[in-house]
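S.K.:
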Amino acid sequence: MDMTHSIENSVKDYLQKKYEVTVESFEFQQTRKEFEGDITLVVFPLLRYVKTNPVKLGEELGEHLVKDVEQICAFNVIKGFLNLSFTNSFFVNQLEEIITTQDFGTQQKDEKSDKMMVEFSSPNTNKPLHLGHVRNNLLGHSVSEILKANGKEVFKTQIINDRGIHICKSMLAWQKFGQGETPESTEMKGDHFVGKYYVIFDQKYKVEIKELIEKGHTEEEAKKQAPLLLEAQKLLKKWEENDTETVALWQKMNNWVYEGFEKTYSDLGVDFDKNYYESETYILGKEFVLKGLKDGIFYKKEDGSIWVDLSEDGLDEKLLLRADGTSVYITQDIGTAIQRVKDFQINGLVYTVGNEQDYHFKVLFLILKKLGFAWAEHLYHLSYGMVELPDGKMKSREGTVVDADQLIEEMVTSAQEIAEELGKIDDLEKEEKQKLYQAIGKGALKYFILKVDPRKNMLFDPKESIDFQGNTGPFIQYTHARIQSLKRKANIADFSVIDYKNALDLKEKDIIKHLLKLPSTIAQAGDELNPALICNYTYDLVKLFNSFYQNSPIIIEDKNVTQFRISIADQVAKTIALNLNLLGIESPQRM
RNA sequence: GGUCGCAUAGCUCAGCUGGAUAGAGCACCUGCCUUCUAAGCAGGCGGUCCCAGGUUCGAAUCCUGGUGCGAUCACCA
Numbered sequence: 001m002d003m004t005h006s007i008e009n010s011v012k013d014y015l016q017k018k019y020e021v022t023v024e025s026f027e028f029q030q031t032r033k034e035f036e037g038d039i040t041l042v043v044f045p046l047l048r049y050v051k052t053n054p055v056k057l058g059e060e061l062g063e064h065l066v067k068d069v070e071q072i073c074a075f076n077v078i079k080g081f082l083n084l085s086f087t088n089s090f091f092v093n094q095l096e097e098i099i100t101t102q103d104f105g106t107q108q109k110d111e112k113s114d115k116m117m118v119e120f121s122s123p124n125t126n127k128p129l130h131l132g133h134v135r136n137n138l139l140g141h142s143v144s145e146i147l148k149a150n151g152k153e154v155f156k157t158q159i160i161n162d163r164g165i166h167i168c169k170s171m172l173a174w175q176k177f178g179q180g181e182t183p184e185s186t187e188m189k190g191d192h193f194v195g196k197y198y199v200i201f202d203q204k205y206k207v208e209i210k211e212l213i214e215k216g217h218t219e220e221e222a223k224k225q226a227p228l229l230l231e232a233q234k235l236l237k238k239w240e241e242n243d244t245e246t247v248a249l250w251q252k253m254n255n256w257v258y259e260g261f262e263k264t265y266s267d268l269g270v271d272f273d274k275n276y277y278e279s280e281t282y283i284l285g286k287e288f289v290l291k292g293l294k295d296g297i298f299y300k301k302e303d304g305s306i307w308v309d310l311s312e313d314g315l316d317e318k319l320l321l322r323a324d325g326t327s328v329y330i331t332q333d334i335g336t337a338i339q340r341v342k343d344f345q346i347n348g349l350v351y352t353v354g355n356e357q358d359y360h361f362k363v364l365f366l367i368l369k370k371l372g373f374a375w376a377e378h379l380y381h382l383s384y385g386m387v388e389l390p391d392g393k394m395k396s397r398e399g400t401v402v403d404a405d406q407l408i409e410e411m412v413t414s415a416q417e418i419a420e421e422l423g424k425i426d427d428l429e430k431e432e433k434q435k436l437y438q439a440i441g442k443g444a445l446k447y448f449i450l451k452v453d454p455r456k457n458m459l460f461d462p463k464e465s466i467d468f469q470g471n472t473g474p475f476i477q478y479t480h481a482r483i484q485s486l487k488r489k490a491n492i493a494d495f496s497v498i499d500y501k502n503a504l505d506l507k508e509k510d511i512i513k514h515l516l517k518l519p520s521t522i523a524q525a526g527d528e529l530n531p532a533l534i535c536n537y538t539y540d541l542v543k544l545f546n547s548f549y550q551n552s553p554i555i556i557e558d559k560n561v562t563q564f565r566i567s568i569a570d571q572v573a574k575t576i577a578l579n580l581n582l583l584g585i586e587s588p589q590r591m
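Written as structure tokens, this is what we have:
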């Protein structure tokens, strides 16, 4: 299957016999389209072993390869580049192998498969999800699917930050100003409803601060002494003391939020195998911190707080447990990681968390290693960049966040408008149409976000709507739909029969060559936890196919040609569907 | 200030472990629906790959220094 191996072996033998040198690695690249050939061997690196000029060596190797390797039929040498051409039958055979391979490009999981957990989303329960969460969710879901395609067993999880001062603020505001209204009575989505009270808290809190400053307090004092904040803190304390009424309120409001989140997750097409709740796990880490203390890995300060010294690893000292014995963020992360390994016997864990927490995860992984957990070697922080607006970062307090639910709805509406204008699906049932608008609108949104390298910050301009043309989800979906239409019209029962003696044209070869790269692309996307690679690959494939489609008629008189071309088309469609699925995007039959 | 990351066309982004004349999309301009879906195809315009050194047959890519932007350095999460 992989031609580079046969070429490598042949060249290796040749150099050994002729020049008595042993060359271990060779450099190949795709032949640039302005030159003739299907693969290119770069000759320059070989000059280290064989002192001659690159063109001469290239010619020599070319002549040898044409004789020695059956699938190579021609070559040319330009400067230090040896361009090799494959035979017609090579391409036909490769296509046949691709078509007859079940789920070509992916690996099946078996008993020996790695068990990986992917954590993503992990929201606070005081406000609805925004565009930043959307990027997080889409990445987490896609990476999970990509890992599955690489033969891993995958568990998806989130940790819900359901406790703390933020939810108490919403609770307090609702108690004081809510007059008993509920999501039902206001017909609001639960997370938006609770978020509304978080905003109300902040507004009233600001008024109090202003009043205190006017009475002569410094800003800092005012922020700490504002009655509302003190009350919220009191509420948190009551919660920690398990006060029945407070816990009941906390549960009620959190449940409203969960209902809202459920809707958003379902809209995004993401789900989880298990939810962890911080209110249940925040105590977990403590015993391991204490154990670490006993083992001398950590140390205690005079005030009783527990620390770890990471200065030998180039980092600072880090607090692990407060003097009063309460836990901090990292304490619970230690416990949660240990719990997860216990619960699922995983041997790898991916944290989908923004790059603002790079330092935190460096520290966390180091601590787990120091505690002696072998699996700590297999923790990965999928550190993704911020979604920025034209005027900078999104800030919830300043109301510049892009709301997830609203954005999804807008995308679906846009899809509907475009589809209605084009009028190609007017004959579909109402329900079918709605499904299609959903698929296309979300396809546009998801692809828009996933095509960007996760590690990089990306820009979203709310004033400029997300495109449906060019390098977009709908463009790819469209190509899939068009191929389905071809298949319906071709009247061919079996797309897997390949018996073709005609000469392949350039575009057919290009498509087959690109299909051959699918396995390594999926593997690389898995290694790098990078869905953007799938986007790029799929986009390139679709462009190649569209060019082919538009320039060579597929359904023609000659049944043999039709059979061959429709088989290529079908395989392209299968590949699109496979890849879009890895991205969490649907592949419509029509559009 | 220390640490980490980023800088490529007017805008948004690709560019794999160094390889041929740096690529797409959007925008702008020109063609193509009497033949399989024009959310498409063919083409044009557009670049000091942030700057300066270095490494070598060869650097957008690696190294050093600088500039700019961002993140982080909490008994917040």
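Residues 1 to 591, numbered by the UniProt record's numbering, are exactly what the first sequence covers, in order.
For glycine and all other residues, C-beta sits at the position ideal for the given N, C-alpha and C.
Whole angstroms is fine: what's the gap from G62's alpha carbon to P462's?
M.R.: When rounded, the distance between both Cα atoms is 55 Å.
S.K.: According to DSSP, is E20 helix, strand or coil?
M.R.: Coil.
S.K.: Specify, as a first and last residue, the run of the alpha helix (DSSP H) that I512 falls within.
M.R.: I512 -> alpha helix (DSSP H) spans 506-516.
S.K.: Going by DSSP in three states, Q175 sits in which element: helix, strand or coil?
M.R.: Reduced to three states, the DSSP call for Q175 is helix.
S.K.: Below 8 Å between beta carbons: does that hold for E96 and I498?
M.R.: Contact: yes.
S.K.: Do three or more CB pairs link the region 287-297 to the region 173-183 at distances below 8 Å?
M.R.: With a cut-off of 8 Å, the region 173-183 and the region 287-297 do not count as touching, because too few Cβ pairs lie within range.
S.K.: Could you give the uninterrupted runs of the alpha helix (DSSP H) lying entirely in the region 356-421, keeping only those of 4 residues or more?
M.R.: Complete alpha helix (DSSP H) runs here, min 4: 358-370.
S.K.: Looking at T22 and T31, is the spacing between their C-beta atoms short of 8 Å?
M.R.: Cβ distance not < 8 Å, so T31 and T22 don't count as in contact.
S.K.: State the DSSP-derived secondary structure class of V328, mapped to helix, strand or coil.
M.R.: Coil.
S.K.: According to DSSP, simplified to helix, strand and coil, what is I78?
M.R.: In the structure shown, I78 sits in a strand (DSSP, three-state: E or B).
S.K.: By the 10 Å Cβ neighbour count, where 16 or more other Cβ atoms means buried, how is T4 classified, buried or exposed?
M.R.: Its Cβ having fewer than 16 others within 10 Å, T4 is exposed.
S.K.: Distance, Cα to Cα, L321 vs L310?
M.R.: About 16 Å.
S.K.: Counting only runs that start and end within the region 153-238, where is the beta strand (DSSP E) found for 3 or more residues in a row?
M.R.: Runs of the beta strand (DSSP E) inside the region 153-238: 153-160.
S.K.: Could you give the residue range of the beta strand (DSSP E) that holds N502?
M.R.: Run containing N502: none; DSSP gives neither H nor E here.
S.K.: What are the boundary residues of the beta strand (DSSP E) that Y351 is part of?
M.R.: Its beta strand (DSSP E) spans residues 348-354.
S.K.: What does DSSP give as the partner residue(s) for V134 in the beta ladder?
M.R.: Beta-bridge pairing links V134 to no other residue.
S.K.: Between F361 and L268, what straight-line distance do the alpha-carbon atoms span, to the nearest angstrom?
M.R.: The alpha-carbon atoms of F361 and L268 are separated by roughly 27 Å.
S.K.: Distance, Cα to Cα, I512 vs N491?
M.R.: Answer to the nearest angstrom: the Cα atoms are 23 Å apart.
S.K.: Can you give the Cα-Cα distance for Q16 and Q477, rounded to whole angstroms?
M.R.: Approximately 50 Å between the Cα atoms of the pair.
S.K.: Identify every residue that forms a DSSP beta bridge with D309.
M.R.: Paired residue(s): E317.
S.K.: Count the other CB atoms within 10 Å of the CB of Y359; is the residue buried (16 or more) or exposed (fewer)?
M.R.: Exposed, by the Cβ-count rule.
S.K.: Cutting at 6 Å between CB atoms, please list the residues of its own chain near K126, excluding the five before and the five after it.
M.R.: In the sequence under discussion, the amino acid at residue 126 is Asn, which differs from the Lys named in the question. Same-chain partners within the cutoff: H166, I167, S170, Y198.
S.K.: Note down the Cα distance separating L212 from L249, rounded to an integer number of angstroms.
M.R.: Cα to Cα, L212 sits roughly 30 Å from L249.
S.K.: Please name the residue, chosen from T413, E259, L518, L459, that lies closest to A439 on a Cα-to-Cα basis.
M.R.: A439 has its Cα closest to that of T413, out of T413, E259, L518, L459.
S.K.: With H, G and I counted as helix, E and B as strand and the rest as coil, what does DSSP make of K67?
M.R.: DSSP places K67 in helix when its eight states are reduced to three.
S.K.: Quick one, which of I200, E27, S396 has its alpha-carbon nearest residue 592's?
M.R.: Since the displayed the chain opens at 1 and closes at 591, residue 592 lies outside it and no answer follows.
S.K.: Assess, as a yes-or-no matter, whether the region 132-149 is touched by the region 202-219 under the definition of 3 or more beta carbon pairs within less than 8 Å.
M.R.: Flag = no, the region 202-219 and the region 132-149 do not touch.
S.K.: I need the boundaries of the beta strand (DSSP E) containing N275, first residue and last residue.
M.R.: Its beta strand (DSSP E) spans residues 274-277.
S.K.: Name, in chain order, the residues that DSSP records as bridge partners for E119.
M.R.: Answer is T157, Y351.
S.K.: Rounded to whole angstroms, what's the CA-CA distance from Q589 to Y14? Just pull it up for me.
M.R.: Using only the alpha carbons, I get a separation of about 52 Å.
S.K.: Can you tell me whether DSSP reads Y299 as helix, strand or coil?
M.R.: Of the three classes helix, strand and coil, the one that applies to Y299 here is strand, per DSSP.
S.K.: Beta-carbon separation of I585 and K446 under 8 Å?
M.R.: Going by C-beta atoms, I585 is nearer than 8 Å to K446.
S.K.: Nearest to Q357 by alpha carbon, out of V341, M386, Y549?
M.R.: Per the Cα distances, M386.
S.K.: Do three or more CB pairs link the region 96-114 to the region 328-336 at distances below 8 Å?
M.R.: Counting Cβ pairs under 8 Å, fewer than three are found: no touch.
S.K.: Please return the same chain residues whose Cβ sits closer than 7 Å to the Cβ of A481, not counting the five positions on each side in sequence.
M.R.: Same-chain partners within the cutoff: P588, Q589, R590, M591.
S.K.: Out of curiosity, what's the CA-to-CA distance linking A374 and G348?
M.R.: About 11 Å.
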